[in-house]
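Undergrad: Sequential numbering of the sequence shown, starting at 9, is according to this note's numbering. The C-beta atom is built at its ideal place from N, Cα and C for all residues, glycine as well. Just dropping this structure here.
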Amino acid sequence: MTIITRQSAGQPTGGQFAAHTRTESPIELHSDLVAVPMAEGGVRIVPTAIADEFRGVSPGGYNVVAAFEKADGSEYLVGLTKCCNSTAKGSEDGIVCRRCYSECDPMLGGPIELSAVAPRIPAPATEPSED
Ligand SMILES: [Zn+2]
Numbered sequence: 009m010t011i012i013t014r015q016s017a018g019q020p021t022g023g024q025f026a027a028h029t030r031t032e033s034p035i036e037l038h039s040d041l042v043a044v045p046m047a048e049g050g051v052r053i054v055p056t057a058i059a060d061e062f063r064g065v066s067p068g069g070y071n072v073v074a075a076f077e078k079a080d081g082s083e084y085l086v087g088l089t090k091c092c093n094s095t096a097k098g099s100e101d102g103i104v105c106r107r108c109y110s111e112c113d114p115m116l117g118g119p120i121e122l123s124a125v126a127p128r129i130p131a132p133a134t135e136p137s138e139d
């Protein structure tokens with residue numbers, strides 16, 4: 009078993025550079041995305057803008073971010089809408105995306121328990137730091 013399928017995409021390897029410049033690069037579409045390693049294996053592609061706050065993936069497949077730190081030191085986690093990776097809010101029509109106002113899963117309108125989240129690596133620190 010010596011099959012190596014790894015591709016060195018994005019790393020100039022001399023001879024292939026000329027061919028790469030012949031096309032309009034679609035890679036730029038992904039310049040604002042980052043691959044985050046997940047505890048259960050694989051990676052999750054998330055917008056760079058939420059990478060620092062990204063904690064994992066909730067049931068239903070929503071990106072979960074830490075909105076703020078609560079008084080007890082734990083994090084208040086919320087899921088982001090799939091349409092815009094935005095938080096949700098309540099409206100006359102129910103829970104909607106804060107950015108585009110489409111209806112979304114009601115679970116995005118409230119906090120998400122860390123225990124329900126498939127975590128990223130490194131796992132978020134849950135114990136208080138000892139000083
Ligand atoms: Zn939206």
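Please work out which residues of its chain come closer than 8 Å, Cβ to Cβ, to Ile58, disregarding the five sequence neighbours upstream and downstream, and give them in chain order.
TA: So the list reads Asn71, Val73, Leu88, Asn93, once near-sequence residues are dropped.
Undergrad: Are Thr95 and Leu116 closer than 9 Å when you measure CB to CB?
TA: Result yes, Cβ atoms of Thr95 and Leu116 sit closer than 9 Å.
Undergrad: For the alpha helix (DSSP H) that contains Ile58, what are its first and last residues?
TA: Start and end: 56 to 59.
Undergrad: Taking the alpha-carbon of Pro114 as reference, which of Lys90, Ser82, Phe62 has the nearest alpha-carbon?
TA: It is Lys90.
Undergrad: Using only Cβ atoms and a threshold of 5 Å, which residues come within that distance of a heavy atom of ligand 1? Order them by chain position.
TA: Matched residues: Thr89, Cys91, Cys92, Cys105, Arg107, Cys108.
Undergrad: Can you tell me which of the three DSSP states Gly117 falls into?
TA: DSSP places Gly117 in helix when its eight states are reduced to three.
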